[in-house]
Amino acid sequence: MTDFILDLKERATVGKGESQRGRREGFVPTILYSNGQRGIPAFVEERQFRQLAERALPSQVFTFKSEVKELDGKIGIVKDLQLVPDNREILHIDFQLLQEGQPVVVSVPLSIQGEAPGVKNQGGVLTVQCKEIKLSCLPSSIPTEFEVSVSGLQLGQRIRTGDLELPEGVTLKSNPEETIANVIAGRAARLMNEGPESGGEAGAPAQGAAA
């Protein structure tokens, strides 16, 4: 977490005029929320945030350095990021402040690893249906990403969120039946399973494929 230190500047008032003034000076208006309490307004330098964000994943924890006593030394994650569609200018950032010792629910991106035998040997096609999962854990245990191996997936098999082996102290909050990835029959796989003399109806599910 110490690699991602973000400087926060005091924002005296919350309003359009103050926000526009900050943007002209290269700062982005932000609000930091904590446990349902009233948010604390601040400014963050856009250039610094972009430099950190380029190598950060969505679940990255930031450490804040600020002249505002309530914020200095605190940690948090990005809760919401508003961009201008045309030029990707950052309009506003919401942060969620975290407290060590108190679990937090976060969305963690998934990283698919390996090559599925169902693709390599059986002509199937790997489809990825879920790109992130929701986890509950302490701030110090938040993973920046979660690796999912498909090296054991055969044709017609799938990996669910409930199949993942989570570290101690980390609890799954996503639907455990949600499919992360599966191997479905491609055209070559269907022909191979049907065989030249199968006489099977075109488009019938490949043997062993999920219904």
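So for the sequence shown, my numbering puts the first residue at 478; every next one is plus one. Don't be surprised by glycine CBs; every beta carbon is placed ideally from N, CA and C. Keep in mind the model is a prediction, meaning the values are calculated, not measured.
If you ignore the 5 residues before and after residue 521, its C-beta comes within less than 8 Å of the C-beta of 483, 484, 485, 486, 504, 505, 507 and 570, all in its own chain and listed in chain order.
Annotation note: the region 577–622 contains the following uninterrupted beta strand (DSSP E) runs of length 3 or greater, listed N- to C-terminal: 581–590, 601–605 and 609–614. Contact check for residue 637 against residue 654 passes: the beta carbons are separated by less than 8 Å.
Pairing residue 593 with residue 643, the inter-Cα distance amounts to about 21 Å. Distance between residue 554 and residue 599, taken at the CA atoms: about 42 Å. Counting of Cβ neighbours within 10 angstroms places residue 491 among the exposed residues, the total staying below 16.
In this chain, the alpha helix (DSSP H) harbouring residue 530 covers 523–530.
Residue 531 is not a Cβ neighbour of residue 588, given a cutoff of 8 Å.
Around the beta carbon of residue 550, fewer than 16 other beta carbons lie within 10 angstroms, which makes this residue exposed. Under the three-state reduction of DSSP output, residue 637 falls in the strand class. Partner residues in the beta bridge of residue 553, as assigned by DSSP, are 539 and 574. Shown here, residue 496 sits in a helix according to DSSP, grouped into three states. The beta-carbon distance between residue 616 and residue 561, rounded to whole angstroms, is 31 Å. This is too long to meet the 8 Å contact definition. When the five nearest sequence neighbours on each side are left out, the beta carbons in the same chain lying within less than 7 Å of the beta carbon of residue 634 are those of 595, 659 and 660, in order along the chain.
With respect to the C-alpha of residue 657, the residue from 523, 604, 583 and 591 having the closest C-alpha is 604. Residue 660: member of the beta strand (DSSP E) spanning 656–662, first to last residue. Excluding its 5 nearest sequence neighbours in each direction, residue 518 has C-beta neighbours in its own chain below 6 Å: 488, 491 and 508, listed in chain order. Residue pairing for residue 625: DSSP places it in a beta bridge opposite 589. Going by DSSP, residue 484 is part of the beta strand (DSSP E) stretching over 482–487.
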